[in-house]
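Novice:
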Amino acid sequence: MKKAEIGIIGMEVMGKNLALNFERNGYTVCVFNRTAEKTKAFIENEAKNKNIIPTYELSDFISKLEKPRKIMLMVKEGQPVDDFISKLIPLLDKGDIIIDGGNSYFKDTIRRSKELSERGILFIGTGVSGGEEGALKGPALMPGGDYEAYKQIKEMFQKISAKAEDGTPCVSYIGPDGAGHYVKMVHNGIEYGDMELIGEAYWIMRYGLEMSPEEIAEIMNKWNEGDILKSYLIQITGDLVKERYKPDQSKYLIDIVADITRMKKTGTWTVESALELLVPVPTIASAVFSREMSQDKDIRIKVSSILKLNTKRKIKGNKEKIIQTIHDSLYIAKISSYAQGFALLKAASKQYNWNLNLEEIAKGWRAGCIIRAQFLDEIARAYKENPDLPNLLADKHFSKFIKKNIRKLAKLIEISHKQRIPVSAFSNSYDYILQITSPIMYSNQITALQRDYFGAHGYFKLVDINKPEILKTVDGKEREFHTEWLAKGRPEKEVTKL
104 MKKAEIGIIG MEVMGKNLAL NFERNGYTVC VFNRTAEKTK AFIENEAKNK NIIPTYELSD
164 FISKLEKPRK IMLMVKEGQP VDDFISKLIP LLDKGDIIID GGNSYFKDTI RRSKELSERG
224 ILFIGTGVSG GEEGALKGPA LMPGGDYEAY KQIKEMFQKI SAKAEDGTPC VSYIGPDGAG
284 HYVKMVHNGI EYGDMELIGE AYWIMRYGLE MSPEEIAEIM NKWNEGDILK SYLIQITGDL
344 VKERYKPDQS KYLIDIVADI TRMKKTGTWT VESALELLVP VPTIASAVFS REMSQDKDIR
404 IKVSSILKLN TKRKIKGNKE KIIQTIHDSL YIAKISSYAQ GFALLKAASK QYNWNLNLEE
464 IAKGWRAGCI IRAQFLDEIA RAYKENPDLP NLLADKHFSK FIKKNIRKLA KLIEISHKQR
524 IPVSAFSNSY DYILQITSPI MYSNQITALQ RDYFGAHGYF KLVDINKPEI LKTVDGKERE
584 FHTEWLAKGR PEKEVTKL
């Protein structure tokens, strides 16, 4: 009997669909699940008469794989991954490959990579994006870990991955140890921002302009036809908002859905990493906080009954112009959000010595994944032209659009707030642009002196009142000062450590 080229552990929807994807692309697949019933149901239904081998013991699973064995874990992140790795280690030989395809925390992946390397077992931590449809038809894959292992699975991953419009497989080697899972984590953080921005745009149209879901669906569908906003999330939003409520076809499903959004850990991890690396990601953070606020349903109902601020008031003005303002503002806010995500990737690349290729990452997100969008071609182009771009907002294409239309985003925020529609993602995207284009952030001049006043924390100086550069020593070190605020005459002294 022919042995399997790939083994998959975990028969939830992602694991099953990846197994079917590998099989459709010419590979023999061996599968295992902790509970035998799920494996049996898979073989009797979706995998019936396919080149998929069921196993019900781990030792049997291992025996059915050709060497070097390639095993893909599609189980819940955290302890379940460690548990399966512990069970696999005694059964494996040096040179065998374990691939973690779940949404694992990147620091866990760094640890596992080191531990398995010491045992001679190769390890890959790969992001898999696209949901159940992507897993079945072609996901975007973000493999990181041992490069020798990647070379052995490269062809397999290229075959099962999504293909961009130019035919390029949406997969490339991301970097060592936890790089793949980190990039997938940031992908999900950007996804949070995208979804929140689209949701806020919907709120403005539905309750500010009093448009019907059918009208909004028409607008979304138009935006998805070769427009700069063309993307998977715009596409599915245009589809879902017009869905009718099954018990009463005169109503829309969107109007009856509870305003509570649950979330997994990747969005929170993105914000935590940004805090750790000192990289501002306000749009992504606002999206995470908005989901958290959504879960405080009872509190919101109680507070709203007391303050009574959130009354619906129609936005006045030319409807078509306002819709165009929403369109252009959404694009600017989207650019801002992606700029934050890519800035975080750049910082992490330096911190963890991953040497991330931002152009390849953008190209890998053009198909298969949830944030696939037309403008990712422009992001890839930007980093191809200048791999050392200080920030995506500095790219000539994006900066030109922003300079021309930034007033529209300001206007949208203004009219939304007048109608008491919260637009935290739009607002944070706008403020991020204002802050990063401010050579002097005057609020932080105050904060710097406040810290020195109450805590003697010191402060830096500008070269001149009209020059934003920091005053430095001859060898390039920033000069630091402290004022004795409570002493007579408030003397100032330099505290630079030479």
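Residues in the sequence shown are numbered consecutively from 104, following this note's numbering.
The beta-carbon is built from N, C-alpha and C at its ideal position, and this holds for glycine as well.
1. Within the same chain, show all residues whose beta-carbon is closer than 6 angstroms to that of I174, passing over the 5 residues directly before and after it, in chain order.
2. Quick check on the burial criterion: 16 or more other C-beta atoms within 10 angstroms. Buried or exposed for Y556?
3. Which one of L356, D280 and I418 has the shortest CA to CA distance from Y310?
4. Answer yes or no: do A446 and N489 have a C-beta to C-beta separation smaller than 9 angstroms?
5. Would you kindly work out how many angstroms separate the C-alpha atoms of L410 and S389, rounded to a whole number?
6. Below 9 angstroms between beta carbons: does that hold for A122 and C472?
7. Rounding to the nearest angstrom, what Cα-Cα distance links S162 and R214 in this structure?
8. Please classify L300 as buried or exposed, where buried requires at least 16 neighbouring CB atoms within 10 angstroms.
9. Alpha carbon to alpha carbon, what distance is there between E481 and C273?
10. Taking just the CA atoms, how far does P171 sit from I227?
11. Could you check the C-alpha separation between S275 and G467 for me, to the nearest Å?
12. Do I363 and Y348 have their beta-carbon atoms positioned less than 9 angstroms apart in this structure?
13. For L601, does the three-state DSSP call read helix, strand or coil?
14. By DSSP's criteria, M245 is part of a beta bridge. Which residues make up the other side?
15. From F187, T340 and I331, pick the residue whose C-alpha is nearest to that of H430; which is it?
16. Please report the distance separating the alpha-carbon of V116 from that of V286.
17. Return yes when the Cβ of A451 is within less than 9 angstroms of the Cβ of L461, no when it is not.
18. Where G118 and I112 are concerned, what is the direct C-alpha to C-alpha distance, given to the nearest angstrom?
19. Between the region 422-442 and the region 500-518, do three or more beta carbon pairs fall short of 8 angstroms?
20. Helix, strand or coil for V132, going by three-state DSSP, please let me know.
21. Excluding the five sequence neighbours on either side, which residues of its own chain have a C-beta within less than 8 angstroms of the C-beta of P621, listed in chain order?
22. Tell me, please, which residues DSSP counts as bridged to E583.
23. Find the nearest neighbour of Q477 within the set G329, D269 and K487, judged by alpha-carbon distance.
24. Residues in the same chain with beta-carbon distance under 6 angstroms from N124, minus the five sequence neighbours each way, listed in chain order, please.
25. What distance in whole Å lies between the Cβ atoms of L176 and G205, which are believed to be in contact at a cut-off of 8 angstroms?
26. I need the DSSP call for S393, collapsed to helix, strand or coil.
27. Looking at the structure shown, is L412 part of a helix, part of a strand, or coil, going by DSSP?
28. What is the DSSP secondary structure of A86, counted as helix, strand or coil?
29. By the 10 Å Cβ neighbour count, where 16 or more other Cβ atoms means buried, how is G283 classified, buried or exposed?
30. For I174, which three-state DSSP category applies?
31. Using the rule of at least 16 other Cβ atoms within 10 Å of the residue's Cβ for burial, across every protein chain shown, is P246 buried or exposed?
32. Using a 10 Å radius around the Cβ and a threshold of 16 neighbouring Cβ atoms, would you call V374 buried or exposed?
33. Where do the N-terminal and C-terminal ends of the alpha helix (DSSP H) with Y310 fall, by residue?
34. Which residue wins for smallest C-alpha separation from A150, given the options E169, K167, R127 and Y159?
35. Reducing DSSP to helix, strand and coil, say where G278 ends up.
36. When burial is assigned at 16 or more other CB atoms within 10 Å of the CB, is K294 buried or exposed?
Specialist: A quick look at the data gives this:
1. G110 and I201
2. exposed
3. I418
4. no
5. 23 angstroms
6. no
7. 25 angstroms
8. buried
9. 16 angstroms
10. 14 angstroms
11. 7 angstroms
12. no
13. With a pLDDT of 46 at L601, under the threshold of 50, the modelled position of this residue cannot be trusted, and the question is left open.
14. G230
15. I331
16. 23 angstroms
17. no
18. 7 angstroms
19. yes
20. strand
21. Outside the displayed range of the chain (104 to 601) lies residue 621, so it cannot be described from this structure.
22. F563
23. G329
24. L239 and I263
25. 7 angstroms
26. helix
27. coil
28. Nothing in the structure corresponds to residue 86, since the chain is present only between 104 and 601.
29. buried
30. strand
31. buried
32. buried
33. Taken as a continuous stretch (DSSP letters only), Y310 belongs to no alpha helix (DSSP H), as it is neither H nor E.
34. R127
35. strand
36. The sequence given here places Glu at residue 294; Lys does not occur at that position. Label assigned to E294: buried.
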